[in-house]
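Chains as they are written, first to last, in my numbering: chain A, 1 to 168; chain B, 1 to 648.
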């Protein structure tokens, strides 16, 4: 019994974080998953230190990514719909993407390039371009992930080689 | 083991259960909407299946998650009613098989996934179709568009088993976690994060509170399978919880991969009561691998409880099942390894940069060679990201500072070098097994004794370190029995229900506290009571630092509180506080030393004090064998023990 009690105390913080998360409603337009997730991250951190942040699972669980669970928001039977893949990725990886844009390389940036249809042999140019336009891209990203993807596309359009190379 | 799941508040959680209930009700009536011809063919199939004993085959047992119970009957571990097509499907493989064949003739929606049986249970259909050679004229195959799209979207090349290492500071992930990653064709190491995963986790209601561990241990939360994108899992484990991730590429044939995915699709109809120790994430991942090839028999090896690292060792024990192992360092490892590359002067720069990002724009910093500026700014950004994960959304100065660092970094207009980092901890599968037993002998106050011990799980500070989180201890159910020659008596010497220690060495950038917690009993010599049973609860918070004089040493100091209960004390108890200090030293790769001292003053109950110290030493013989020599001293009580320990 004592063991249970002690364990309980240990998880209490975690559970409070859960409560805070649960109280965060998805109020905006769009498919909403990303926004919800992002918002929850921030709220969670207000309360729980990172050490009890095992609950990412919780934000996206069997409801959203549940296998053969039908259509919900931007997922179909648990898979992100193709048309939402780039935006969702930009939104859920904003911190890592920003860092890698500033650094001109990285797996998140390479994945973003892939989702946007930049062929492998032109990714180096895409990385340099993202680094060059870092400030405006991040600014767009802070407004919304859709704006960031848009800004990325607009930047690519100004690049003679990349604009031609993109696979739509 | 898996991180807890929480319901989204806006989704109606009852809905799946209601629909399943409705489906069950509709199944209760006869489903003989089929014509006479179909009826005849069905009867024929059922008879042939019976003749071939298909319900008793390993394949059918695996697909329906049946296990033999104590009385020789069958019981499925699966708990959602909609998963079975026969009312007694949970306990009757034969009836379930007949009902499944029956339902294959119907387009009626079944299961939580709301599809015709042929599509909801594609693996069962595939198995029975192959064994009974269905006649497409008499049993019309349906096109399963949802399944086909789902399968095509994976564009599967192979499957990896992923192991995020243990994480002490969250009770639900202390032992690590396992899940599968579905690797897509054309993905490179740089785009691997775009892969899908197959993950099994418990789902907690949003108001889960103090009852969480009890319910978690006794299977009172439902567990589900989901396909969370790998980039989210990487973020969760690598970035937020700072857990290293090990990726094991599996050697599966295309047929095995297909069978695994077909069964995973069926799992969309399934619910398993989540047992933290038994039917947990790792257990169900093994069961899914068994579906890929029923000959693996992986889940069978874990009838009682499944510790993720043990499940990894079971997979590794299958000849040739693992093709390659890839290491993905946590952000914490990344920062520590990058700091090792810095000269002392550069490390000072790093501290200045994370405090005042504007320093990056100063004249002094521009004098640093560009390649080193890149490394410094990148390390600073990693560190600030790491800290900002723990801070709030509003006024997160770590995030703001990171922005400053990153804009300076972007202005350098050169790409960072790609770096490869070696882990601080070896692969989890090379670690010792998690159960431990020992035999030993020694003297207590010049009385000779023999001792045997058993520990249910998992690792203590002196156990061989490969594969385990360094400086961390979790012991669950640890029992020591002793036989004293002198009194010719055998007795329980020590029993510990739970004993945890987490040491986090601090330095100029990292300041995480250390902590410990213990519940158990031991025997004390106190006020004329020679060997008195003594219950104790203890906890402490402290700090640790690391040095590298001989090999690696960790020094620690704690403020402790302790409560004792024993008939040896006046009023049978005493409660107090004090200090605990000690050191751990790796003398060689095999030889480890620990010394600790404790002073406690008890202010409540029997007013008394207690001074004790111990020196322990371990020598590793092999992955699963070690020798120990321990000396414990307490007022007028000296205890020497030499033992041989085996892990299994």
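Even for Gly, the Cβ is constructed at its ideal location relative to N, Cα and C.
In this text the structure is predicted, and so the values were computed from the model without any measurement.
Leaving aside the five residues before and after residue i along the sequence, list all residues of the same chain whose C-beta is less than 8 Å from its C-beta, in chain order.
i                     : result
residue 423 (chain B) : 244, 327, 329 and 333
residue 68 (chain A)  : 77 and 78
residue 408 (chain B) : 357, 360, 361 and 377
residue 396 (chain B) : 388
residue 104 (chain A) : 127, 128, 130 and 131
residue 168 (chain B) : 174, 469, 472, 474, 500 and 502
residue 448 (chain B) : 441, 442, 484, 485 and 486
residue 18 (chain B)  : Note that residue 18 (chain B) scores 41 on pLDDT, short of 50, meaning its location in the model is unreliable; the coordinates nonetheless yield the value given after this. Closer than 8 Å at Cβ, skipping near neighbours: no residue.
residue 49 (chain B)  : 55, 97, 98, 101, 128, 131 and 132
residue 92 (chain B)  : 74 and 86
Leaving out five residues before and five after residue i in sequence, what residues of the same chain have Cβ atoms less than 7 Å from its Cβ?
i                     : result
residue 299 (chain B) : 283, 286, 287 and 290
residue 527 (chain B) : 568
residue 262 (chain B) : 122, 123 and 126
residue 134 (chain A) : 101 and 102
residue 654 (chain B) : For chain B, the structure presents residues 1 to 648; residue 654 (chain B) sits outside this window and is missing.
residue 318 (chain B) : 296
residue 195 (chain B) : 181, 182, 183, 184, 187 and 230
In terms of residues, what are the limits of the beta strand (DSSP E) holding residue i?
i                     : result
residue 592 (chain B) : 591-605
residue 522 (chain B) : 514-526
residue 184 (chain B) : 179-184
residue 529 (chain B) : 529-547
residue 74 (chain B)  : 74-76
residue 552 (chain B) : 552-565
residue 633 (chain B) : 625-634
residue 156 (chain B) : 156-164
residue 495 (chain B) : 489-502
residue 484 (chain B) : 472-484
residue 77 (chain A)  : It is not in any beta strand (DSSP E) - residue 77 (chain A) carries neither H nor E in the DSSP assignment.
residue 638 (chain B) : 637-647
For residue i, report the span of its alpha helix (DSSP H) as first-last.
i                     : result
residue 404 (chain B) : 397-411
residue 94 (chain B)  : 93-104
residue 588 (chain B) : From DSSP, residue 588 (chain B) is part of no alpha helix (DSSP H); its letter is neither H nor E.
residue 95 (chain A)  : 94-103
residue 453 (chain B) : Where residue 453 (chain B) is concerned, there is no enclosing alpha helix (DSSP H), although the beta strand (DSSP E) it sits in stretches over 447-459.
residue 388 (chain B) : 370-390
Below 8 Å on the Cβ atoms is my guess for residue i versus residue j; work out the distance and round it to an integer in Å.
i                     : j                     : result
residue 430 (chain B) : residue 623 (chain B) : 7 Å
residue 667 (chain B) : residue 264 (chain B) : Look at the range of chain B in this structure, 1 to 648, and you will see that residue 667 (chain B) is not part of it.
residue 543 (chain B) : residue 554 (chain B) : 11 Å between Cβ atoms; not a contact.
residue 674 (chain B) : residue 382 (chain B) : The question about residue 674 (chain B) has no answer, for chain B in this structure spans 1 to 648.
residue 117 (chain A) : residue 167 (chain A) : 4 Å
residue 570 (chain B) : residue 606 (chain B) : 4 Å
residue 578 (chain B) : residue 599 (chain B) : 5 Å
residue 426 (chain B) : residue 390 (chain B) : Rounded, the Cβ-Cβ distance is 27 Å, inconsistent with contact.
residue 523 (chain B) : residue 546 (chain B) : Contact flag wrong, Cβ pair sits at about 34 Å.
Step through the CB atoms of chain D and report whether any lies within less than 8 Å of the CB of residue i.
i                     : result
residue 141 (chain A) : Among the protein chains of the structure shown, namely A and B, there is no chain D.
Could you pull out every residue in the same chain whose Cβ sits closer than 6 Å to the Cβ of residue i, ignoring the five residues on either side in sequence?
i                     : result
residue 357 (chain B) : 401, 404 and 405
residue 305 (chain B) : 277 and 278
residue 164 (chain A) : none
residue 162 (chain B) : 179, 181 and 247
residue 117 (chain B) : 103, 104 and 110
residue 33 (chain A)  : Because residue 33 (chain A) carries a pLDDT of 43, less than 50, the predicted location of this residue cannot be relied on, and the following value inherits that uncertainty. If we look at residue 33 (chain A) and ignore the five residues flanking it on each side, its Cβ neighbours are 64, 73 and 74.
Original post:
Taking Cβ-Cβ distances below 9 Å as the criterion, which residues of the stretch 79-92 of chain A are in contact with chain B?
Top reply: 79, 80, 82, 85, 88, 89 and 92
Original post:
Can you list, in chain order, the stretches of the beta strand (DSSP E) that have 3 or more residues and sit fully within the stretch 194-259 of chain B?
Top reply: DSSP runs (the beta strand (DSSP E)) wholly in the stretch 194-259 of chain B: 196-204, 221-226 and 245-250.
**OP:** Could you pull out every unbroken alpha helix (DSSP H) segment of at least 4 residues lying fully inside the stretch 301-362 of chain B, listed in chain order?
**Re:** Counting only runs that start and end inside the stretch 301-362 of chain B, the alpha helix (DSSP H) elements of at least 4 residues fall at 308-317, 331-340 and 344-355.
Original post:
Quick one, which residues of the stretch 129-162 of chain B are near chain A if we go by CB-CB under 9 Å, in chain order?
Top reply: 146, 147, 149, 150, 153 and 154
Subject >> chain A contacts made by the stretch 180-199 of chain B, where a contact means CB separation under 8 Å >> reply: 188, 189, 190, 191, 192, 193, 194, 196, 198 and 199
Subject >> chain A contacts made by the stretch 246-268 of chain B, where a contact means CB separation under 9 Å >> reply: 264, 265, 266, 267 and 268
Original post:
If you scan the stretch 112-138 of chain A from start to end, which runs of the alpha helix (DSSP H) of 4 or more residues do you find wholly inside it?
Top reply: With a minimum length of 4 residues, the unbroken runs of alpha helix (DSSP H) contained wholly in the stretch 112-138 of chain A fall at 123-132.
Original post:
For the stretch 408-425 of chain B, which residues have a CB atom closer than 8 Å to at least one CB atom of chain A, in sequence order?
Top reply: 409, 410, 413, 414, 415, 416 and 418
Original post:
In chain order, what residues of the stretch 81-99 of chain B put their CB closer than 9 Å to some CB of chain A?
Top reply: Under the 9 Å Cβ criterion, the stretch 81-99 of chain B contributes no residue.
**OP:** Just list the beta strand (DSSP E) runs in the stretch 29-70 of chain B, keeping only unbroken ones of 3 residues or longer that don't cross its boundaries, in chain order.
**Re:** 66-68
Original post:
At a Cβ cut of 9 Å, what residues of the stretch 504-516 of chain B count as close to chain A, listed as they run along the chain?
Top reply: So the close ones are 512.
Subject >> Contact set between the stretch 105-117 of chain A and chain B, restricted to residues whose Cβ is under 9 Å from the partner >> reply: 105, 106, 107, 108, 109, 110, 111, 113, 114 and 115
**OP:** Scan the stretch 565-598 of chain B for residues whose Cβ lies nearer than 8 Å to a Cβ of chain A and list them as they occur along the chain.
**Re:** none
**OP:** Output, in sequence order along the chain, the residues in the stretch 215-228 of chain B whose CB is closer than 7 Å to any CB in chain A.
**Re:** 224, 225, 226, 227 and 228
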